[in-house]
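Take a look at the structure set out below.
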Amino acid sequence: MATRLKDTDVVVIGLGAAGGVAVLPLAQAGIEVVGLEAGSWLTRRDFAPDEIRNNVRDWPMAVQKANQEVPTSRATSSSPTGRGASHPMMNGVGGTTLHYWAQSWRLNPWDFKVVSETRRRYGASRIPKGSTVEDWPFGYDELEAYYDKVEYEVGVSGNAGNVNGKIDPKGNPFEAPRTRPYPMPALRWTAFLEKMAASARTLGWKPFAGPAAINTRPYQGRSSCMYHGFCNRGGCHVDAKNSTAVSTIPRAQATGKLKVVTRAHVTTIESDANGRVTGVNYLVDGTEYFQPAKVVLLASYTYENTRLLLLSKGTAYANGLSNNHGQVGRHYFSHHQGAGVSALFPFNLHAWYGMPAQGVAVDDWADDNFDHAGLDFIGGANLWVYSDRRPIGAAGMSTFGIAPNWGSEWKAFIRQNADRSNNAYIQKTTLPYEDNYLDLDPTVKDPLGYPVCRITAEYKENERAIAAYTQDKMEQWYREGGAIQVARAPLGGAMGASTHAYGGTRMGDNAETNVVNRWGFSHEAPNLGVLGASVMGTSGARNPTLTSQALAWRTAEYLAKNWKAVAT
Amino acid sequence: MSSDEQTRIISRRDLLRGVGVAAVAAVAPSTSVALDGAIAPAGAAEAVQPAATSAVRREAYENLTAVEADALEAIVAQLIPTDANGPGATEARAVHYIDRALGGALSSSRQAYSAGFAAFDRYCRMTRGASFVELSTTDQDSVLIDVESGSATGSGAGFSGSSAQFFGMVLNHTRQGTFGDPYYGGNANYVGWDLIGYPGVRTSVSAADQQLMEKGALKPNHRSAYDNEMFNKATAGNGHGEHQHGD
Chain A
1 MATRLKDTDV VVIGLGAAGG VAVLPLAQAG IEVVGLEAGS WLTRRDFAPD
51 EIRNNVRDWP MAVQKANQEV PTSRATSSSP TGRGASHPMM NGVGGTTLHY
101 WAQSWRLNPW DFKVVSETRR RYGASRIPKG STVEDWPFGY DELEAYYDKV
151 EYEVGVSGNA GNVNGKIDPK GNPFEAPRTR PYPMPALRWT AFLEKMAASA
201 RTLGWKPFAG PAAINTRPYQ GRSSCMYHGF CNRGGCHVDA KNSTAVSTIP
251 RAQATGKLKV VTRAHVTTIE SDANGRVTGV NYLVDGTEYF QPAKVVLLAS
301 YTYENTRLLL LSKGTAYANG LSNNHGQVGR HYFSHHQGAG VSALFPFNLH
351 AWYGMPAQGV AVDDWADDNF DHAGLDFIGG ANLWVYSDRR PIGAAGMSTF
401 GIAPNWGSEW KAFIRQNADR SNNAYIQKTT LPYEDNYLDL DPTVKDPLGY
451 PVCRITAEYK ENERAIAAYT QDKMEQWYRE GGAIQVARAP LGGAMGASTH
501 AYGGTRMGDN AETNVVNRWG FSHEAPNLGV LGASVMGTSG ARNPTLTSQA
551 LAWRTAEYLA KNWKAVAT
Chain B
1001 MSSDEQTRII SRRDLLRGVG VAAVAAVAPS TSVALDGAIA PAGAAEAVQP
1051 AATSAVRREA YENLTAVEAD ALEAIVAQLI PTDANGPGAT EARAVHYIDR
1101 ALGGALSSSR QAYSAGFAAF DRYCRMTRGA SFVELSTTDQ DSVLIDVESG
1151 SATGSGAGFS GSSAQFFGMV LNHTRQGTFG DPYYGGNANY VGWDLIGYPG
1201 VRTSVSAADQ QLMEKGALKP NHRSAYDNEM FNKATAGNGH GEHQHGD
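In the order they appear, the protein sequences are chains A and B.
So in this note's numbering, spot 225 of the first sequence is number 225, and the numbers just go up one at a time.
Take any residue in the second sequence, note its place counting from 1, add 1000, and you have its number in this note's numbering.
As structure tokens, this is what we get:
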């Protein structure tokens, strides 16, 4: 029998990118918050620059909950099902913001209006067949204030391209107007990045430094970046990476209103006969607890958000919490396509001490920044050339077909070329489709006996066409930069588990096609909110974290301002 | 840190683990007298020999059998050879790295090593008439090409799955043991990092350091991450696959 704990105002499930941000405006408003986190606290002492542990093996996680719940995946409902060895996300206070790349992009205004803008500019026939994409219930302008808030609260460095309509060529000229610049200038460039920027300009493109939740000067009492080269799947040894574990969560704790519970393994959300949620069941080292709450905010990442809702059945929810319209798990998509481009240069790139958020972006081929009238797809990709290398990874580089993979010839090749390759990250628009979805796996279970999440999804023609088109652009850029070999990764097939996973609890005004309303609260369970990229209906060509955080802040602020209406 | 200090640190750690002092001699030839790691009891004081008298002894392994270790030493010497471009996997002590890891983070690969080496040995005898260590380097290379390409799979030697899987596993681990942090028992004397021009683990790289590197003037830093007191030591956990970023 579960121990019933003392009532609280709000329980937040998961203190990662989204939950870790939402607790701050709630605590500042005087609302009592309990934050349930499956992992434990990690500190800078845990973040050694160790490639074997960070990139080859696994992380200094005390808790492996996520790795015991790895989703299964299959391309279509008639394809074989597979399962990865480990989960893309980690458990810990701060969640995957502890070791993410920290790229912190705003979406482009087009991403909020894909349907209406496509119809207006190209005609309704250009919406890809089978796609369930909808316009967001609001536009970029509604989210601008929250982007701004999070950029300053978490700490984002970058060069603004458009402040109140004034274009600055050092930033992204395609970005929507922002009310003020970033709180810190962008991460520095290496000589190679300067060279690639110059090559982009030669092509007539508009290169700029990307935004990152990494300090470039002391900020909020924390150090600026040390550029030591272990940021990719590495935690920060000087707290310059602005994980929520060092930014918003400690500030929320300082109010005295946030109680952080670590090693809390949430199993189900309880609801009553009227359809309201009443609290959360969780385990700590096998002991059961029930945390009653007036409001529950679900912030456990896309796969687990869907899984927890489907596992939380009740009198009012025979098919899972907030799933009476059958929308939980629908409209799933991710950035997992791959289809990158790599290049070999005839000179060293000096990339040993870079980081993946330090790079040159080109947005000329992203979103609807270029005319698609003569093309067979909508959307596009951000081209990202960055500086990131470690020795084992360098030794595993492609030999571009000009050397074997071992032996003296390989050794001569690697001795000359270990610092001469570059891999572009081409981040592409992905749309939701009718037959891409999440549900519970019928056979694979976690150690507690609960089914794991199952992904049924594949990349469609529109996504593959974007990939092929933008690979051409990337190859053109690399050739202009002096590459002597260029290789393309295959276009996407099955859409496996990803750090950029969207949907399952989509946000929208129509309760028939969306799980949460425009404020992030369930259409069915009025005191249940959902945080994270699982509410996003489009991905843009962007890393999802900043948008997830802006939405989380907005949902929390709405809750604080409308406390009585939501909580009672 | 000087290489003497590195030797001292490794030998102290290895002594605690019951490995012979000879194991720290990075250039110990692979064909010398074997201390069978499979039967050497952990912490056995008698296994510890004074370095001066045991220089000819080979590594004492904790997890690999003597036969497996002989074959693996010979394989890694072909994968990343000692040649005109300098030291290779032998000098890096890649096999020492693998042996230690098989008792910890790579324990889930132990069975794949046992079965793989048994099949590998059968394949060598069936197709070349001798064990791998007895073959000429030309024959060793041709065997490895068969195994890498997967063409050894259907030979009746008994590779489980494709022989290419076994090859890929050994190659990955050999690279880890050659280019990984010396804390894990490989990359001895930083030979792997020097080979590819990696200037070493640092906790801070200023813009001036970056410019020095771009001019080829940044001095290599021979340190393990864990030579920095600011970090907790890594512990051996179960290994998981390498993650790829979202895309």
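Where is the CB? At the ideal position from N, CA and C, for every residue including glycine.
Predicted, not measured: the structure shown is a model, and the values here were computed from it.
Residue 128 (chain A) and residue 1107 (chain B) have their C-alpha atoms roughly 48 Å apart. When CB distances to chain A are screened at a threshold of 7 Å, the residues of the region 1195-1219 of chain B falling below it are 1195, 1196, 1197, 1198, 1199, 1201, 1202, 1203, 1204, 1205, 1207, 1210, 1213, 1214, in chain order.
DSSP, reduced to helix, strand and coil, places residue 35 (chain A) within a strand of the structure shown.
Between residue 160 (chain A) and the set A:445, A:17, A:208, A:192, the nearest pair of CA atoms involves A:208. Ranked by how close their Cα comes to the Cα of residue 318 (chain A), the residues A:426, A:222, A:274, A:527 have A:274 in first place. According to DSSP, residue pairing for residue 1210 (chain B) in a beta bridge does not occur. Under the 8 Å Cβ criterion, the region 87-102 of chain A counts as touching the region 228-242 of chain A, having at least three qualifying pairs. Secondary structure of residue 74 (chain A) (DSSP, three-state): strand. Residue 327 (chain A) sits close to residue 515 (chain A), with the two beta carbons spaced by under 8 Å. The Cβ of residue 1126 (chain B) sits no closer than 8 Å to any Cβ of chain A. Taking the Cβ atoms as the reference, residue 48 (chain A) lies roughly 20 Å from residue 1188 (chain B), outside the contact range of under 8 Å. Given a length threshold of 3 residues, each whole run of the beta strand (DSSP E) inside the region 349-424 of chain A is given here in chain order: 355-362, 381-387. The C-beta distance from residue 13 (chain A) to residue 19 (chain A) rounds to 7 Å, short enough to meet the 8 Å contact threshold. The beta-carbon of residue 237 (chain A) is placed less than 8 Å from the nearest beta-carbon of chain B.
Taking the Cβ atoms as the reference, residue 1099 (chain B) lies roughly 5 Å from residue 1063 (chain B), within the contact range of under 8 Å. Contact between residue 477 (chain A) and residue 310 (chain A) does not hold, since their C-beta atoms are separated by about 44 Å, which reaches or exceeds 8 Å. Bounds of the beta strand (DSSP E) holding residue 453 (chain A) are 451-456. The DSSP-derived three-state label of residue 327 (chain A) is coil.
Not one beta carbon of chain B lies nearer than 8 Å to the beta carbon of residue 1 (chain A). Using a CB distance below 8 Å, no part of the region 467-480 of chain A faces chain B. Using a Cβ distance threshold of 8 Å, residue 391 (chain A) and residue 1226 (chain B) do not count as a contacting pair.
DSSP links residue 271 (chain A) through a beta bridge to A:277.
It is roughly 53 Å from the alpha-carbon of residue 542 (chain A) to the alpha-carbon of residue 1133 (chain B). Residue pairing for residue 1075 (chain B): DSSP places it in no beta bridge.
For residue 480 (chain A), the enclosing alpha helix (DSSP H) stretches over residues 461-480.
Counting only the Cα atoms, residue 322 (chain A) lies some 46 Å from residue 396 (chain A). In the three-state reduction of the DSSP assignment, residue 143 (chain A) falls in the helix class. For residue 84 (chain A) and residue 121 (chain A), the gap between their C-alpha atoms comes out near 41 Å. Across the structure, residue 362 (chain A) and residue 534 (chain A) are spaced so that their CA atoms are roughly 27 Å apart. The residue among A:450, A:54, A:414, A:551 with its C-alpha nearest the C-alpha of residue 1081 (chain B) is A:414. Approximately 5 Å separates the beta-carbon atoms of residue 17 (chain A) and residue 545 (chain A); this is inside 8 Å, confirming the contact. Positions of the beta strand (DSSP E) runs, each at least 3 residues long and wholly inside the region 185-259 of chain A, are given as 207-209 in order along the chain.
Look at residue 1085 (chain B): its C-beta is under 8 Å from a C-beta on chain A. Residue contact with chain B for residue 227 (chain A): present (Cβ-Cβ distance below 8 Å to some residue of chain B).
For residue 437 (chain A), the enclosing beta strand (DSSP E) has its first and last residue at 437-445.
By the Cβ-count criterion, residue 103 (chain A) is buried, with 16 or more other Cβ atoms from all chains shown falling within 10 Å of its own Cβ.
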